[in-house]
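Just below is one structure, and these are the notes that go with it.
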Amino acid sequence: MAILGVPRLIRSNVRMSLVVCLCWYLLVIGADSQRTDPNEVNALRAIRRSVNDPFNNLARWNRGDPCISNWTGIVCYNTTLRDGQFHVRELLLLGRNLTGSLSPELGRLSYLKILDFMWNNMTGSIPKEIGNITALELLLLNGNQLTGSLPEELGNLVNLNRIQIDQNFISGPIPPSFANLDKAQHFHMNNNSLSGEIPSVLSRLPNLVHLLLDNNNLSGPLPPELSEIPKLLILQLDNNNFGGSLIPSSYGNIPTLLKLSLRNCSLQGTLPDWRNSSNIAYIDLSLNQLTGPIPAGALSRNITTIDLSSNNLTGTIPDSFSGLSLLQKLSVANNLLNGSIPSSIWEDRTLNSTERVILDFRFNAFLNISGSLPTQRNLTIGLEGNPACSINSLSQYCGPHDEEFNDIVNNTKFYGCPPQACPDWYEYAPPSPTTRCICMAPVFVGYRLKSPGFSDFLPYVDSFMEYLSSGLEMNISQLEIKTAEWQDGPRLRMDLKIFPTNSSSRIFNRSEVLWIREMFSGWRIPDSQVFGPYEFLSFTLPPPYDEEFPPGSSSLSKGALAGVIVGTIVGSVCLSAIVSFLILRRHTKKRHAASKRRPSTRISIRIDGVKDFTYAELALATNDFDSSTVVGAGGYGLVHRGVLANGTVVAIKRAQEGSLQGEKEFLTEIELLSRLHHRNLVSLTGYCDEEGEQMLVYEFMPNGTLRDHLSSKAKVPLTFSRRVKVALGSARGILYLHTEANPPIFHRDIKATNILLDSNFTAKVADFGLSRLAPLPELEGGVPSHVSTVVKGTPGYLDPEYFLTHKLTDKSDVYSLGVVFLEMLTGMHPISHGKNIVREVNIAYRSGMIFSIIDERMGSYPSECVEKFINLALKCCLEETDARPTMAEVYRELESIWLLLPESDTNYTDSITSDSGKLATTPTSSSLTKNPFVSQDVSGSDLISGVVPSIAPR
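If you count by mature numbering (1 follows the signal peptide of the UniProt record, and there is no 0), then the sequence shown holds residues -33 to -1, 1 to 921, one letter each, in order.
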């Protein structure tokens, strides 16, 4: 049928263009689909279906052929194999915020060498079908939420070099079939829930160098056969329960061993003699029940760390602890040692500006120091709790003692160049012999040493720079450590910047970027005996790399490049056809007007009282998100302090690309906070969801988080009464969620960083991204007591019953709040250096030493109140759900503690505002006028003189 009013030339152009487009589809796309093994293509599509991708990182997986169309994270062999097809060599999906499960179809990628799902949120179990990938060399699944047991079939991976499943929730035994992994060098299975005995058959592994099984539920005797592993460098088994097992004497005769860490393993018996361990540098046997003397045999000259604290060792300090030129930390605290401390430990040491030594002899029965007193400035000695403290000349060593090195490197260097002279995203590269003050675009790498052989990083910074730059085959001037800090483990977390060398382009080219990433993700950097194994945490390409290097893209093959060229040419023809077609539509359908243009947003809801901010408004409020406005950070991104146009001060939580907070959590928090109104819940002012940004705008809390004030770096520590006030406010906010919100809500992520403090230190519960509505009544009329859900939350705060059963209840929040109470009482982190706060406080409580772990920074306190608070916290943290109190019971008990506090410490008014806004009066008796919800600043002068039990040496 003729198209009236349209020139014949246009009609002809449309027909020709559509024919060309069809030919392009058949020749280019159709041909490409045959280049990768169809079996692997189908497997990849099945893998994609099993994965949730909230940030659309896998959008390329819907285009063309995997090996030719540059699918994100897919690296193929450069040439076809004998069958004339391409095959997938690497699957690299690190840090993509992926959820869902690992598909059994992974087992069909028969030629795969690297399987990398690190640092996502994958759930479910490890498919046994992975054991079919006999070519696999690296199995990298750490940093997810995987459950279930380890499949026996993984023992079929005859080419496997590295298995990393750490930081998941994997349970069950270690399969004996793992003894078949003859090429395996790295077993990193720490921070899970593995149980049962360590299979003695692992001693057959001829190439194993790192055996990291710490922070699990392993039990049974320690296998003596592990000492027969011929190349073993690190044996790390901390925080398991070997139930009174002895340390096999053979563990002192492993000639290759560099590090032995058996902290907090319920071990008994005597210490092994390390005189035949000529290379050992790090020994940690603390927090056990070891007895007898310290062996007198000579120690390795490589020793940096000896921690034998919190055992029942007797005798004296042996002479072998003298003349250790690399010693950084020696701790024998909390034992039964006596005699004199030999000054020969430090007399021969001359410490330079970066060297420090910590010698911790506290809570023993040492009588004095034999020889001269130390003169080195960087030497710290702790004698508290020893009879030697009665000697006046030694009293300087009897005060508070820093047990750990808290190295924090935070570099912002201009290298003597003009400040802020570089364009955005460029920085001054470290000076080299030939260049200085050159602005270049670095790439950023998140990096962590998993088991370093030292306790203090500062003396090793230069050698680390040499090691890493050499491993990357770069000049040392291309590398900079932006930040470095110790984390639980102990592990050393770093943010690295890597700069180009080409001063003309000042940017890496594509092949250089891909090569750097491959060096880290493929573990091609040689291992170091000093620095131990490393973790690859992130790889960030800031602008101007973003457009040229799509995140996670694989190397572009020549076939793909040709396809892009052909596609560009043919795409122009197709564009012409489309334009012509639109002209036709316009002529034939006059009623179709131009569509309205407006910024699109993923949020379709509009909520009264919650403003939908524009990006421009929030950029203006924060001076274009200047770094000087940053007041906090988390897995989601940064928190900025902003001032709105009307003068209101707000906190703006800005999600970064690839953050831990997905769209679901973003919407959940908006929807919940918009209808929750309580003085102990943080208020939501608005949100922004445009231009690829997700931001939440809250009322500003000038006193930050509770965790900030429990930190050793807090300038003014919280008094005990103020901690009780904060506890009451937190409990009241959660009680509102459980009983007064309609419908009730389970928070699911109660922790010290989610309890914010306003200018009067009133506590407000924040961050509802993981919250879930409580169950509704069933048809029969009953109400389920739980919500079945995937386990989410923060390690250390997670209810163990919820973790095991996936049943979320109101008692799950009670458990988490109990952990916060323990933090408030002790100042400890929930998990610190592998020690769990609930377990540590229970141990101290049962041993009658509970007051020895109370946070000294909160000053004096009434012991009766502290004991009641400790009892309440431990009840909240009971493993059995039904045994825990309800939140209402928690609140009532906190009120009773508050009323016991002396009037002078809690001088508040006797009226409070109820949730309905009406004034509620309380009895005017002096014992009932302590109201934590009326703003009141408790100064340091209000401290009371409570009776604190003395701590006697063990």
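Every residue gets a Cβ at the ideal spot worked out from N, C-alpha and C, and that includes glycine.
Coil, strand or helix - residue i by DSSP
i	result
glutamate 790	helix
aspartate 849	helix
threonine 507	strand
glycine 653	strand
histidine 644	coil
proline 762	coil
alanine 583	helix
residue 923	No statement about residue 923 is possible, as the shown extent of the chain runs from -33 to 921 and does not include it.
valine 8	helix
glycine 219	helix
Whole-angstrom C-beta distance between residue j and residue i, which should lie under 8 Å
i	j	result
proline 140	serine 162	6 Å
serine 430	proline 500	The Cβ separation is near 17 Å, so there is no contact.
asparagine 353	lysine 802	So it is not a contact: roughly 24 Å between Cβ atoms.
leucine 784	cysteine 843	6 Å
asparagine 278	leucine 293	With a Cβ gap of about 24 Å, asparagine 278 and leucine 293 do not count as contacting.
methionine 668	isoleucine 619	Not a contact, Cβ separation roughly 13 Å.
glutamine 131	leucine 148	The Cβ separation is near 13 Å, so there is no contact.
leucine 416	leucine 463	With 8 Å as the limit, leucine 416 and leucine 463 do not qualify as a contact, their Cβ atoms being about 12 Å apart.
For residue i, the nearest candidate out of the options (CA to CA)
i	options	result
tryptophan 392	Pro409, Ile405, Pro386 and Ser399	Pro409
glutamate 584	Ser595, Thr793, Gly599 and Asp656	Asp656
phenylalanine 136	Thr90, Leu127 and Pro173	Thr90
leucine 350	Arg323, Pro173, Phe687 and Ile308	Ile308
leucine 868	Lys835, Pro829 and Ala708	Pro829
threonine 272	Pro285, Ala698 and Ser228	Ser228
asparagine 345	Phe328, Leu303 and Lys296	Lys296
methionine 791	Lys449, Ser495 and Ser678	Ser678
glycine 110	Ile221, Asn37, Asn157 and Leu178	Asn157
asparagine 37	Thr3, Ser17 and Gly51	Thr3
residue 922	Leu266, Ile247, Leu280 and Asn246	Limits of the chain in this structure are -33 at one end and 921 at the other, which puts residue 922 out of reach.
alanine 13	Pro21, Phe22 and Trp28	Trp28
isoleucine 810	Ile837, Thr450 and Glu823	Ile837
lysine 150	Asn182, Thr101 and Pro191	Thr101
proline 33	Val55, Ser311 and Leu326	Val55
leucine 685	Asn727, Leu702 and Arg739	Asn727
phenylalanine 421	Pro398, Arg323, Asn331 and Met441	Arg323
leucine 590	Gly609, Lys578, Ser194 and Val577	The amino acid at residue 590 is misidentified as leucine; the sequence shows asparagine. It is Gly609.
asparagine 126	Leu105, Leu117 and Arg851	Leu105
Cβ-based burial, residue i [other Cβ within 10 Å; buried from 16]
i	result
aspartate 423	buried
aspartate 315	exposed
proline 457	buried
asparagine 87	buried
glycine 696	buried
leucine 82	buried
glycine 31	buried
alanine 263	exposed
glycine 659	exposed
aspartate 133	buried
valine 781	buried
asparagine 476	exposed
serine 524	Bear in mind that a pLDDT of 41 at serine 524, under 50, signals an unreliable position, so the model cannot answer this.
aspartate 286	exposed
valine 533	With a pLDDT of only 44 at valine 533, under 50, the local geometry of the prediction cannot be trusted, and the value read off the model is given with reservation. So valine 533 counts as exposed.
residue 1007	The requested residue 1007 does not occur in the structure, where the chain is confined to residues -33 to 921.
Sub-9 Å separation of residue i and residue j beta-carbons
i	j	result
leucine 841	valine 805	yes
threonine 720	arginine 674	yes
glutamate 119	lysine 95	yes
leucine 361	asparagine 335	yes
leucine 737	methionine 854	no
leucine 326	serine 298	yes
asparagine 240	aspartate 274	The amino acid occupying residue 240 in the given sequence is aspartate; asparagine does not appear at that position. Against a cut-off of 9 Å, the Cβ pair of aspartate 274 and aspartate 240 comes out as no contact.
leucine 724	glycine 794	no
valine 597	leucine 648	no
leucine 76	alanine 10	yes
Any non-hydrogen atom of the ligand GTP closer than 8 Å to residue i Cβ
i	result
isoleucine 448	Ligands in the displayed structure: none, and consequently the ligand GTP is not present.
Test: residue i CB closer than 9 Å to a CB of chain B
i	result
glycine 499	The displayed structure is made up of one protein chain only, and chain B is not part of it.
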